[in-house]
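Undergrad:
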Amino acid sequence: MTALPPPSPATLLAWYDRHARRLPWRIGPADRRRGVTPDPYRVWLSEIMLQQTTVAAVKPYFEGFLARWPDVAALAAAPSEEVMKAWAGLGYYSRARNLKAAAETVAREHGGRFPATEAGLTSLPGIGSYTAAAIAAIAFDQPAAVVDGNVERVLSRVFAVETPLPAAKTEIRRLQAGLTQKERPGDYAQAMMDLGATICTPRRPACSLCPWSENCAAHAAGIEESFPVKPNKAARPERTGTAFVARRRDGAVLLRRRAEKGLLGGMTEVPGSDWLPSAGPASTAATAPIAASWQAKGVVVHVFTHFRLTLSILAAEPADNPAAPEGHWWSSAEELPGEALPSVMKKAIETAFPGATKRRR
DNA sequence: GATGCGTGGCT
DNA sequence: TAGCCAAGCAT
């Protein structure tokens, strides 16, 4: 077997100059050449939102955050509750808490300017090794070795890395550090991620369009899809629970807030039971939050990362105007669509009362 | 190193 | 359809 020529960063950059995706938070290669520099706030905000989240899902949230909080000082001054409401539906809600905390730190301890080094960035909550390198490269044009899922996929194929993830990460980081140049490091990082997102995809990669196809060991062997090597995943366990959706005659729905940490931490929910492993026909001895005529409205099935939830929905429309129990509140029909409700809770409310969480016009 | 942590789209 | 997947981080 003949050794392949090594992949060239210059070749990738030339490809990027022609095929870079246009994204709301990105300074394209042409503008960069003209000296336009990225706003670190926008780079940071986009990178946090993009953690384990698709570009399509992020776009509307990014636009919404930017319109409402145009700089880090504005975000630092925002009430946490408003940030959580704005983040609702995007998932991984600890990101929103860390986002707010990091904004306050930058505003208070760094004079409103983001640290320009990987070490400084890593010290901020919610910024790990990937995000620190990405911001350093993209916002500050530093030759940081950016390694995300795209880079892992591209380089594991180009170099046919047989070590399974996540153990392979050390080797991949070394490979990426060797490729990262002092010229255009920000564009290089984004080029690698664009290549992974549009050409070197997990399934059916478009190798005929790839600038590195002649340099790729996996392609040479015709086994692109066998990289990166990953361990088998465990089966998703089942959990069950009960949710109570009470709606007053004026349309207000009874809500409460979840604990600050853990699953859906700090978000809003309808009252209900704990969500327990469903080993058998165990009793979901759920206690209703208020006395009313509760009626079964069916179930909501929702898939979290590490378990599948089947939530039985009970609904009631009390005739009188019962007081909200301790720790609960009645959210008016007008306020409800803007509450910090995670998707599973919107599903629960919609199952009980269709249209209740939709904004009217 | 393993685990907990969301959601929606795609095949 | 049921699984797989997406620019990871904190503990």
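For the first sequence, full-length UniProt numbering assigns the number 1 to the initial residue and increments by one for each residue that follows.
Beta carbons are placed, not taken as given, at the ideal position from N, Cα and C, and that holds for glycine.
Among Arg42, Leu195, Gly89 and Ser208, which has the Cα closest to the Cα of isoleucine 135?
TA: Locating residue 135 in the first sequence gives position 135, counting from the first residue. Minimum Cα distance to isoleucine 135 is reached at Arg42.
Undergrad: Three-state secondary structure (DSSP) at threonine 105?
TA: The residue labelled residue 105 in the question sits at position 105 within the first sequence. DSSP places threonine 105 in helix when its eight states are reduced to three.
Undergrad: Going by the beta-carbon positions, is the gap between valine 300 and proline 228 smaller than 8 angstroms?
TA: Position 300 of the first sequence, counted from the start, is the residue given in the question as residue 300. Position 228 of the first sequence, counted from the start, is the residue given in the question as residue 228. No, Cβ-Cβ distance for valine 300 and proline 228 is not below 8 angstroms.
Undergrad: Can you tell me the Cβ-Cβ gap for arginine 258 and phenylalanine 307, rounded? I've got them flagged as a contact below 8 angstroms.
TA: Here the question's residue 258 lines up with position 258 in the first sequence. Here the question's residue 307 lines up with position 307 in the first sequence. Not confirmed; about 16 angstroms, so no contact.
Undergrad: Taking the straight line between their C-alpha atoms, what separation do you get for lysine 261 and tyrosine 92?
TA: As a position in the first sequence, residue 261 is number 261, starting the count at 1. As a position in the first sequence, residue 92 is number 92, starting the count at 1. In a straight line, the C-alpha of lysine 261 is about 11 angstroms away from that of tyrosine 92.
Undergrad: Just how far apart, CA to CA, sit serine 332 and lysine 346?
TA: Against the first sequence, residue 332 aligns to sequence position 332. Against the first sequence, residue 346 aligns to sequence position 346. If you take the alpha carbons of serine 332 and lysine 346, they lie about 15 angstroms apart.
Undergrad: Mind the definition here: the region 12-28 touches the region 178-197 only if three or more C-beta pairs lie below 8 angstroms; say whether that holds.
TA: Yes, the region 12-28 is in contact with the region 178-197.
Undergrad: What residue does the alpha helix (DSSP H) around threonine 122 start on, and which one ends it?
TA: Here residue 122 refers to the residue found at position 122 of the first sequence. First-last of the alpha helix (DSSP H) with threonine 122: 118-122.
Undergrad: Quick one: what's got a C-beta closer than 8 angstroms to glycine 128's C-beta in the same chain, skipping five residues either side?
TA: Position 128 of the first sequence, counting from 1, holds the residue named residue 128. Result list for glycine 128: Thr122, in chain order.
Undergrad: My understanding is that leucine 165 touches lysine 230, with C-beta atoms under 8 angstroms, so please give their C-beta distance in whole angstroms.
TA: Mapped onto the first sequence, residue 165 falls at position 165. Mapped onto the first sequence, residue 230 falls at position 230. Yes, they are in contact, since the Cβ atoms of leucine 165 and lysine 230 sit about 5 angstroms apart, within 8 angstroms.
Undergrad: Using DSSP bridges, identify the partner residues of glutamine 295.
TA: Along the first sequence, read from residue 1 onward, the residue named residue 295 stands at position 295. The partner list for glutamine 295 (beta bridge, DSSP) reads Ala315.
Undergrad: In angstroms, rounded to a whole number, what distance separates the CA positions of alanine 76 and alanine 319?
TA: Working through the first sequence from its first residue, we reach residue 76 at position 76. Working through the first sequence from its first residue, we reach residue 319 at position 319. Roughly 43 angstroms between the two C-alpha positions.
Undergrad: Can you tell me whether glycine 280 is helix, strand or coil according to DSSP?
TA: Here residue 280 refers to the residue found at position 280 when the first sequence is read from its first residue. At glycine 280 the pLDDT is 48, less than 50, meaning the model places this residue with poor confidence and gives no usable figure here.
Undergrad: Determine the DSSP secondary structure at tryptophan 329, reduced to helix, strand or coil.
TA: Walking along the first sequence from the start, residue 329 turns up at place 329. Residue state, collapsed to three classes: strand.
Undergrad: According to DSSP, is histidine 219 helix, strand or coil?
TA: Indexing the first sequence from 1 puts residue 219 at position 219. Three-state DSSP puts histidine 219 in a helix.
Undergrad: Within the continuous beta strand (DSSP E) that includes valine 253, where are the two ends?
TA: Residue numbering aside, residue 253 sits at position 253 when the first sequence is read from its first letter. Unbroken beta strand (DSSP E) run through valine 253: 253-257.
Undergrad: Could you give the distance in angstroms between the alpha-carbon of proline 5 and the alpha-carbon of isoleucine 172?
TA: Position 5 of the first sequence, counted from the first residue, corresponds to residue 5. Position 172 of the first sequence, counted from the first residue, corresponds to residue 172. Taking the straight line joining both Cα atoms gives about 18 angstroms.
Undergrad: If I measure Cβ to Cβ from alanine 145 and keep anything under 7 angstroms in the same chain, skipping five residues before and after, which residues do I get?
TA: For this step, residue 145 is matched to residue 145 along the first sequence. Closer than 7 angstroms at the Cβ level, and outside the excluded window around alanine 145, lie Ala133, Arg173, Gln176, Ala177 and Thr180.
Undergrad: Between Lys85, Asp71 and Ala3, which has its C-alpha nearest alanine 102's C-alpha?
TA: By 1-based counting over the first sequence, the position of residue 102 is 102. Alanine 102 has its Cα closest to that of Asp71, out of Lys85, Asp71 and Ala3.
Undergrad: Mind checking arginine 360: buried by the 16 CB within 10 Å criterion, or exposed?
TA: By 1-based counting over the first sequence, the position of residue 360 is 360. The residue is exposed, with fewer than 16 neighbouring Cβ atoms inside 10 Å.
Undergrad: Can you look up arginine 33 in the DSSP assignment and give me helix, strand or coil?
TA: Within the first sequence, residue 33 is the residue found at index 33, counting from 1. If DSSP states are grouped into helix, strand and coil, arginine 33 belongs with the helices.
Undergrad: Verify whether the separation of the beta carbon atoms of leucine 254 and threonine 268 is less than 8 angstroms.
TA: As a position in the first sequence, residue 254 is number 254, starting the count at 1. As a position in the first sequence, residue 268 is number 268, starting the count at 1. No.
Undergrad: Helix, strand or coil for histidine 302, going by three-state DSSP, please let me know.
TA: Here the question's residue 302 lines up with position 302 in the first sequence. Three-state DSSP puts histidine 302 in a strand.
Undergrad: By Cβ distance below 7 angstroms, which residues in the same chain neighbour serine 273 in space, the five residues on each side in sequence not counted?
TA: Reading the first sequence from its first residue, position 273 is the one you call residue 273. Once the five neighbours on either side are set aside, the close Cβ partners of serine 273 are Gly241, Thr242, Thr284 and Ala286.
Undergrad: Nearest CA to the CA of alanine 139: which residue from Val147, Arg26, Pro277 and Arg203?
TA: Counted from its first residue, the first sequence places residue 139 at position 139. It is Arg26.
Undergrad: Report the option in Gln142, Asp148, Gly112 and Leu99 whose CA atom is closest to the CA atom of leucine 124.
TA: As a working mapping, residue 124 is identified with position 124 in the first sequence. Among Gln142, Asp148, Gly112 and Leu99, the Cα nearest to that of leucine 124 belongs to Leu99.
Undergrad: Distance check for arginine 248 and alanine 67, CA to CA, integer angstroms please.
TA: Against the first sequence, residue 67 aligns to sequence position 67. Against the first sequence, residue 248 aligns to sequence position 248. So the alpha carbons of these two residues sit roughly 34 angstroms apart.
Undergrad: Could you tell me the alpha carbon to alpha carbon distance between serine 343 and proline 325, rounded to whole angstroms?
TA: Sequence index remark: in the first sequence, residue 343 carries index 343 (1-based). Sequence index remark: in the first sequence, residue 325 carries index 325 (1-based). One C-alpha to the other measures close to 24 angstroms.
Undergrad: Let me know if glutamate 81 comes out buried or exposed under the rule of 16 or more other beta-carbons within 10 Å of its beta-carbon.
TA: Locating residue 81 in the first sequence gives position 81, counting from the first residue. Exposed: under 16 other Cβ atoms inside 10 Å.
Undergrad: Among the residues of its own chain, which have a CB less than 6 angstroms from the CB of threonine 11, if the five just before and after it don't count?
TA: Taking the first residue of the first sequence as position 1, residue 11 is located at position 11. Once the five neighbours on either side are set aside, the close Cβ partners of threonine 11 are Pro211.
Undergrad: In the DSSP assignment, what residue or residues form a beta bridge with phenylalanine 140?
TA: If you number the first sequence from 1, residue 140 lands on position 140. Its beta-bridge partners do not exist; DSSP assigns none.
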